[in-house]
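Chains as they are written, first to last, in the working numbering: chain A, 10 to 360; chain B, 10 to 360; chain C, 10 to 360; chain D, 10 to 360.
Don't be surprised by glycine CBs; every beta carbon is placed ideally from N, CA and C.
A short write-up of the structure that comes next.
Number of protein chains: 4
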Amino acid sequence: MSATKTRIAVLGASGYTGAELVRLLLRHPNAEIVALTADRKAGKTMASVYPQFFGVELPKLITIEELDPATVDLVFCALPHGTTQKVIKDLFEKAPKLKVIDLSADFRIRDPLAYEKWYGHAHQAVELQKEAVYGLVELYRDEIKGARLVANPGCYTSTSILAIVPLIEAGAIETDAIVIDSKSGMTGAGRAAKEEMLFSEVSEGMHAYGVGGHRHMAELDQEFSDAASRPVVPSFTAHLIPMNRGIYATHYVKMPGSTSAEQLHRILADFYSGQPFVRVLDFGMVPQSRHVRGSNMTFLGVVADRRPGTAIVISTLDNLVKGASGQAVQNMNVMLGLPETTGLDQVALFP
Amino acid sequence: MSATKTRIAVLGASGYTGAELVRLLLRHPNAEIVALTADRKAGKTMASVYPQFFGVELPKLITIEELDPATVDLVFCALPHGTTQKVIKDLFEKAPKLKVIDLSADFRIRDPLAYEKWYGHAHQAVELQKEAVYGLVELYRDEIKGARLVANPGCYTSTSILAIVPLIEAGAIETDAIVIDSKSGMTGAGRAAKEEMLFSEVSEGMHAYGVGGHRHMAELDQEFSDAASRPVVPSFTAHLIPMNRGIYATHYVKMPGSTSAEQLHRILADFYSGQPFVRVLDFGMVPQSRHVRGSNMTFLGVVADRRPGTAIVISTLDNLVKGASGQAVQNMNVMLGLPETTGLDQVALFP
Amino acid sequence: MSATKTRIAVLGASGYTGAELVRLLLRHPNAEIVALTADRKAGKTMASVYPQFFGVELPKLITIEELDPATVDLVFCALPHGTTQKVIKDLFEKAPKLKVIDLSADFRIRDPLAYEKWYGHAHQAVELQKEAVYGLVELYRDEIKGARLVANPGCYTSTSILAIVPLIEAGAIETDAIVIDSKSGMTGAGRAAKEEMLFSEVSEGMHAYGVGGHRHMAELDQEFSDAASRPVVPSFTAHLIPMNRGIYATHYVKMPGSTSAEQLHRILADFYSGQPFVRVLDFGMVPQSRHVRGSNMTFLGVVADRRPGTAIVISTLDNLVKGASGQAVQNMNVMLGLPETTGLDQVALFP
Amino acid sequence: MSATKTRIAVLGASGYTGAELVRLLLRHPNAEIVALTADRKAGKTMASVYPQFFGVELPKLITIEELDPATVDLVFCALPHGTTQKVIKDLFEKAPKLKVIDLSADFRIRDPLAYEKWYGHAHQAVELQKEAVYGLVELYRDEIKGARLVANPGCYTSTSILAIVPLIEAGAIETDAIVIDSKSGMTGAGRAAKEEMLFSEVSEGMHAYGVGGHRHMAELDQEFSDAASRPVVPSFTAHLIPMNRGIYATHYVKMPGSTSAEQLHRILADFYSGQPFVRVLDFGMVPQSRHVRGSNMTFLGVVADRRPGTAIVISTLDNLVKGASGQAVQNMNVMLGLPETTGLDQVALFP
């Protein structure tokens, strides 16, 4: 029943998040991939860029210019940061009824000044920014339903926002003492050929990077501050781990007064009750990144620290799925009024 | 419509192939998991043994004795080699109409003497062995359709049989000069706690094992000899590679007379034309194990060697999927008259 | 000139730290390995347990009972925690002039009550404990010089003590707000065959463990409190990373008054000036665990956090070398009056 | 006693083999590193390119043009293939008494026509080629002693030549049926930033490459044919394995007449008796690549195949040490009349 399917274009299909979108959409009963763009690989088949698609019927890679927005209902935009603002502006000019889910950082920051500070240049589509909805379904489901432009959140930020925002909203943690030690698999760095991402450089070892000033902080500040209704500036440090997929964030929090770690657990369990893609483990259980690999799931764990009044909240998800392309499909489902789990109901690939 | 679903038991659900069966069956529209056994973990939840199932509704783990065969239509038996013969014999005595797919080696060897030679003890269900069908769908589809007992093939053997048997049948290679250099990921060794399988022992290095006499040879001999209608004894060497999933077999073959490598390629391409789970890459293309990871796919490649009259045939699959549990579900589909790809239509998880 | 060499026994040579001691001692010009014990492998050759020693002349493995202390000048004791107290007590009774370097936790905790609390049983050699010196050369060099019994520190604790104690001593950080997020390679778990340490279980993923109550905290509390002259209880969380070697600790600290991150850097740079095995990187540089792999080096980095008054101090070492066996050899050098770098002057194996 | 030290320049110090040379030479009692070149990184410190050298005294990186050959006794040339011929020609014109060990492929092929065929361009220093000695010490020790220019062999080829040439020379294997299935760690691909070498591309999977026509075949043909005194063309296939270091070659050989696998073992054991860097394991033992990691050792194993008259010979070494920089230092020792093991006497880093 192809007639009832949503016609989809993936812009930037040659990156990891693009390929992951294709993987997920191929199993989505309501999705029909009608266009794939990849500027430098235009003219090639998707299988020549990602051999796992050998033998799968897919449109050839084209340039963005070759895309006719009139033939498309919904666009996933998986282009690099900075280039996206203009592309999406142009798309909406040609096809104002299009639905767009942007996986870049370009429309995540509501305050244009904050955007400029962190990304080093003025925002080029400030009007569109105003209507963009931050696409973390668990927190913005209602806004996403009617949105035309959804800004898919970053992988580090999704991991920490899902763990911390409900606690801030409940007034259960002190907002000036949040320490986030986050660890990421290598696919988070994308497919660009860089010496420091070679297997021989990064296997069998680990390191922190961007220490003191990682761009993801802009999103964290925004969402944490919104939840607290006052400026919140967490400490955030990112590390690279020799694994392909997974963000693993360890959050060190302080509780005011007599709030206990068990109470933090209960707040999160209540908040995510009935939500299909966030699972709060039993109190004291520690999640592992491998148990969400390839799935759209987030696992949360809360443990009491031995120091009274403090707790450790751990959160993990697959950066390419719940941290990017799976989250984007979840957004699509909400925007289209489909059951939220459509096409996303797979358990992690472990081992 | 649960009424139309096949009621399924997985025996040995705590092993890797057991967990992989559960992963696949959860997305199978015609399957209902009604029982999971795991003798030493009986009484526990599946999520406590494999946390990726946290929050997923599944029956508790029970012992085999607790299983009532009358409540089940089809059994996947993922128990260790040797213990299975008696278990399946008992099952059929209680429920003769049951369908059984056995993932162990117990019913793969048609000749009881060959079984005894390789496995060191007499077969304990010789009568059942006679009706067992070798469960490699691409070669035995018709026999599997009506079978009550299907012996799911080994992972090393599936990889090489799919690459070589069509060539033997076509008389396109010399059967006394087949050299198989096969490489396996670590999940092939199972979940038993052994010093030599610790991360620190096997990461950052590789080695051959079982050199000169690996048990998988019994299956290879059987299927190759059947195809040739005379005894064929290939050279086979297995290696362990520091990766979780994947068998990668490099086959060195000689062609009689003027047969060319291109002809080998054409024979395989014709043989697997229309078969959903074997993809013959373009002539000269070399498959990579990562491009089938997590999928039920086999990728085959044929390359001419620089020495005239010889060729290299490469075959790769995911040992836990097409090499075990995915193959088993494919067998189930054939036995139940379902489309062969039901529940198995996922592309590899890469990267 | 074997006459001038120190005759050495390694107890527990079949563990990873035992094998690492043998690796290092083989290149030590003043060391002669005269005995290797390994109770369960007694009678075997070292090469049969660790094939990298194939062809290297080494004594056969014996039981501890078979060891004659009179034939030995110095003992490295690499036995499991708990069993060591009695073994060393017996050794000193037979040979009071022996020098002993113990790599277990048995003599690290000066307070018998703290030992009992963390290890669950009363200490069995309280008298010996009194003379044991904590074997972190950079902090206890003078005490180690004359010691008969040196307690080699733990790998997690060495990593954090080297980074934090000089800052506490200088009064440069607030002692009630130290957060330590530490990550370890898999060799830290030893060679015992455990399901959760299998390659398939731990590759391609990560997780925290022992959250809220890791035994290494006893050592941290002791050394931090000693440095502060009042009780200090840091927050400490350990994680397992899919790599063989390396501890990587990220320390989140607050500075009192107007102390800056640059000042922390200067304190550490001054403290370790002239010390061969601790390198303080330039201010703002972030160490990587791979750059100390296989060496006895510790790399320290200090970075300012974006939140005023806070800083991030990062420390990394190889858990089997500076975190265990290399540290032990360094202790030996100090005890014997040899240059501290003897036998330890190798640069990391990278890549 | 710096006066007695050999003054050494490493050309191409920013590549992996360059860094490995520096690592090894730093512990060599007779070597003094006086110059390091790296054209694109000239002006930088070695520590900025390889942080493991932070704090180690080393000359700054310079361009080749800045190198004064008069200040140097011996040059290690670790430049890319093709560029080296002219560089070395120029060096000898300025300093004819220089000793040069070339780690590229430029001087390995004695027949200029074979060179041209495999490398696609005419040799630019044919006269120098005539005096170049193939630098595999175990086979060419005497020629190396007096040589001015030594061509260090390739890593794949060293691995297979050490295993096979003694058997060819002894007439113990059939030379028209040699199949070599070789596997390499990722450092063999060097440090150039290529998409296909990214961690995310190559971890958790494996593949063959260059199938049918790998350049290393030129060296194998040359050395095998020389040993046989007639043209020998082995089958050779290379694979990439997700590990940093190690070549692991599985050789499938046929024996003439009644020659047994045990006899092959004895031939190798005799041939390498007394040779410090090749260890022939007991008959039937299978080597592992991890047991030579970081060392200059080659481990050889011989196993009988179940098919009469055939055997499996396995060989493994660390591609950066015995397969490149360690072999180069071994050549230097022979050229300088030093004990062959000087500076190379370290056991593998395992685990």
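Cβ pair count under 8 Å reaching 3, the region 332-341 of chain D against the region 104-115 of chain D = Contact holds between the region 332-341 of chain D and the region 104-115 of chain D, because three or more Cβ pairs, one in each stretch, are under 8 Å apart.
Alpha carbon to alpha carbon, what distance is there between Gly293 of chain B and His130 of chain D?
-> Here residue 130 of chain D refers to the residue found at position 121 when the fourth sequence is read from its first residue. Here residue 293 of chain B refers to the residue found at position 284 when the second sequence is read from its first residue. Rounded to whole angstroms, His130 of chain D to Gly293 of chain B spans 25 Å at the Cα level.
Residues near Leu76 of chain A in its chain [Cβ-Cβ closer than 7 Å; skip 5 each side] = One-based indexing of the first sequence puts residue 76 of chain A at position 67. Excluding residues within five positions, the ones whose Cβ falls inside 7 Å are Ala18, Ala44, Thr46.
Please classify Val289 of chain B: does DSSP put it in a helix, a strand, or coil?
-> As a first step, residue 289 of chain B must be located in the second sequence, where it is residue number 280. Reduced to three states, the DSSP call for Val289 of chain B is strand.
If you check the beta carbons only, do Thr196 of chain C and Pro360 of chain D fall under 9 Å apart?
-> Reading the third sequence from its first residue, position 187 is the one you call residue 196 of chain C. Reading the fourth sequence from its first residue, position 351 is the one you call residue 360 of chain D. Yes, these two residues count as a Cβ contact at 9 Å.
Compute the distance between the beta-carbons of Leu35 of chain A and Gln231 of chain B, then report whether it is under 9 Å.
-> Translated into positions along the first sequence, residue 35 of chain A becomes position 26. Translated into positions along the second sequence, residue 231 of chain B becomes position 222. Not closer than 9 Å, so no.
Cβ-based contacts, 7 Å cut-off: residues of the region 27-42 of chain B near chain A = Arg32, Leu35, Arg36
Candidates D:Arg299, D:Ala237, D:Arg157: which alpha carbon is nearest Val330 of chain D's?
-> Reading the fourth sequence from its first residue, position 321 is the one you call residue 330 of chain D. For the residues D:Arg299, D:Ala237, D:Arg157, the minimum Cα distance to Val330 of chain D belongs to D:Arg299.
If you run the structure through DSSP and keep just helix, strand and coil, what is Val322 of chain B?
-> In the second sequence, counting from the first residue as 1, residue 322 of chain B sits at position 313. DSSP places Val322 of chain B in strand when its eight states are reduced to three.
Per-residue burial, Glu271 of chain C [other beta carbons within 10 Å of its own, 16 or more giving buried] = Position 262 of the third sequence holds residue 271 of chain C. Its Cβ having fewer than 16 others within 10 Å, Glu271 of chain C is exposed.
Below-9 Å beta-carbon distance, Met10 of chain A vs any chain D residue | Along the first sequence, read from residue 1 onward, the residue named residue 10 of chain A stands at position 1. Since pLDDT at Met10 of chain A reaches only 40, below the 50 mark, its modelled position is unreliable, and no value is offered.
Hey, Val287 of chain A and Leu309 of chain A are a contact pair by Cβ (cut 8 Å); roughly how many whole angstroms apart?
-> Position 278 of the first sequence, counted from the first residue, corresponds to residue 287 of chain A. Position 300 of the first sequence, counted from the first residue, corresponds to residue 309 of chain A. Between Leu309 of chain A and Val287 of chain A the Cβ distance is about 7 Å, and since that is below 8 Å, they are a contact.
Please classify Val19 of chain B: does DSSP put it in a helix, a strand, or coil?
-> On the second sequence, residue 19 of chain B is found 10 positions in, with the first residue counted as 1. The answer is strand: DSSP assigns Val19 of chain B an E or B state.
By a C-beta neighbour count over all protein chains shown, 10 Å radius and 16 as the cutoff for buried, is Val348 of chain B buried or exposed?
-> Here residue 348 of chain B refers to the residue found at position 339 of the second sequence. Position check: residue 348 of chain B holds Pro in this sequence, whereas Val was assumed. Classification of Pro348 of chain B: exposed, given that the 10 Å Cβ count is below 16.
Gly222 of chain A versus chain C: which residues are under 7 Å apart at the beta carbon?
-> Counting from one through the first sequence, the residue named residue 222 of chain A turns up at place 213. Those are Arg315, listed as they occur along chain C.
Buried/exposed call for Glu74 of chain C, threshold 16 Cβ in 10 Å | Taking the first residue of the third sequence as position 1, residue 74 of chain C is located at position 65. It counts as exposed.
Residue range of the unbroken beta strand (DSSP E) whose run includes Ala278 of chain A = Residue 278 of chain A sits at position 269 when you count from the first residue of the first sequence. Counting along the chain, Ala278 of chain A falls outside any beta strand (DSSP E), though it belongs to the alpha helix (DSSP H) covering 270-281.
Exposed unless 16 or more other CB atoms sit within 10 angstroms - verdict on Leu122 of chain D | Within the fourth sequence, the letter at position 113 stands for residue 122 of chain D. Result: exposed.
Taking C-beta pairs closer than 7 Å, name the residues in chain B that Asn253 of chain D reaches, listed in chain order.
-> As a working mapping, residue 253 of chain D is identified with position 244 in the fourth sequence. Those within 7 Å of Asn253 of chain D in chain B are Glu213.
DSSP three-state assignment for Asp190 of chain B, whether helix, strand or coil | Looking up residue 190 of chain B in the second sequence gives position 181. DSSP, read as helix, strand or coil, puts Asp190 of chain B in strand.
On the DSSP bridge assignment, give the partners of Val241 of chain D in chain order.
-> As a first step, residue 241 of chain D is located in the fourth sequence; it is residue number 232 there, counting from the start. Val241 of chain D is not bridged to any residue.
Contact set between Thr54 of chain D and chain A, taken where Cβ atoms lie within less than 9 Å = Locating residue 54 of chain D in the fourth sequence gives position 45, counting from the first residue. Here the premise fails: no neighbours, minimum Cβ distance about 17 Å.
Beta-carbon proximity of Arg32 of chain C to Leu83 of chain C, cut-off 9 Å | Locating residue 32 of chain C in the third sequence gives position 23, where the first residue counts as 1. Locating residue 83 of chain C in the third sequence gives position 74, where the first residue counts as 1. No, these two residues do not count as a Cβ contact at 9 Å.
Given that Pro68 of chain C touches chain D, what residues does it touch there, using C-beta distances under 8 Å?
-> Taking the first residue of the third sequence as position 1, residue 68 of chain C is located at position 59. Within chain D, no C-beta atom comes nearer than 8 Å to that of Pro68 of chain C; the closest sits roughly 16 Å away.
At what residues does the beta strand (DSSP E) containing Gly310 of chain B begin and finish?
-> Taking the second sequence and counting its residues from 1, one reaches residue 310 of chain B at position 301. Membership of Gly310 of chain B in the beta strand (DSSP E) is indicated by the continuous run 307-313.
Less than 9 Å separating the beta-carbons of Ile97 of chain C and Leu137 of chain C?
-> Counted from its first residue, the third sequence places residue 97 of chain C at position 88. Counted from its first residue, the third sequence places residue 137 of chain C at position 128. Yes, these two residues count as a Cβ contact at 9 Å.
Which word fits Met10 of chain C, buried or exposed, when buried means at least 16 other C-beta atoms lie within 10 angstroms of its C-beta?
-> Mapped onto the third sequence, residue 10 of chain C falls at position 1. Note on Met10 of chain C: pLDDT 40, under 50, position unreliable in the model; no value is reported.
Does the beta carbon of Arg299 of chain B sit closer than 9 Å to a beta carbon anywhere in chain A?
-> As a first step, residue 299 of chain B must be located in the second sequence, where it is residue number 290. So yes, Arg299 of chain B belongs to the interface.
Where the beta strand (DSSP E) through Thr41 of chain B begins and ends = In the second sequence, the residue the question calls residue 41 of chain B occupies position 32. It is Glu, not Thr, that sits at residue 41 of chain B in the sequence shown. Per DSSP, Glu41 of chain B belongs to the beta strand (DSSP E) from 40-46.
Within 10 angstroms of the Cβ of Thr72 of chain B, are there 16 or more other Cβ atoms? Answer buried if so, exposed if not.
-> Within the second sequence, numbered from 1, the residue matching residue 72 of chain B stands at position 63. Looking at its Cβ environment, which holds fewer than 16 other Cβ atoms inside 10 Å, Thr72 of chain B is exposed.
By the criterion of Cβ-Cβ separation under 9 Å, what are the contact partners of Arg49 of chain C in chain B?
-> Residue 49 of chain C sits at position 40 when you count from the first residue of the third sequence. Within chain B, no residue comes near Arg49 of chain C; the closest Cβ sits about 11 Å away, beyond 9 Å.
Got a sec? Which residues, its chain only, sit under 6 Å from Lys192 of chain A by beta carbon, not counting five neighbours each side?
-> As a first step, residue 192 of chain A is located in the first sequence; it is residue number 183 there, counting from the start. Counting only Cβ-Cβ distances below 6 Å, and skipping sequence neighbours, we find His248, Ile250, Tyr257.
Assigned secondary structure, Tyr261 of chain D (DSSP; H/G/I helix, E/B strand, else coil) = The residue you call residue 261 of chain D lines up with position 252 of the fourth sequence. Tyr261 of chain D: strand per DSSP, three-state reduction.
Residues that DSSP places opposite Phe85 of chain D in a beta bridge = Numbered from 1 along the fourth sequence, position 76 holds the residue referred to as residue 85 of chain D. In DSSP, Phe85 of chain D forms a bridge with D:Val19, D:Ile110.
Would you mind working out which of C:Val188, C:Thr325, C:Glu125 sits nearest Thr319 of chain A, comparing C-alpha positions?
-> Here the question's residue 319 of chain A lines up with position 310 in the first sequence. Checking every option, the nearest Cα to that of Thr319 of chain A belongs to C:Val188.
Helix, strand or coil for Gly219 of chain D per DSSP?
-> By one-based count along the fourth sequence, residue 219 of chain D stands at place 210. Reduced to three states, the DSSP call for Gly219 of chain D is coil.
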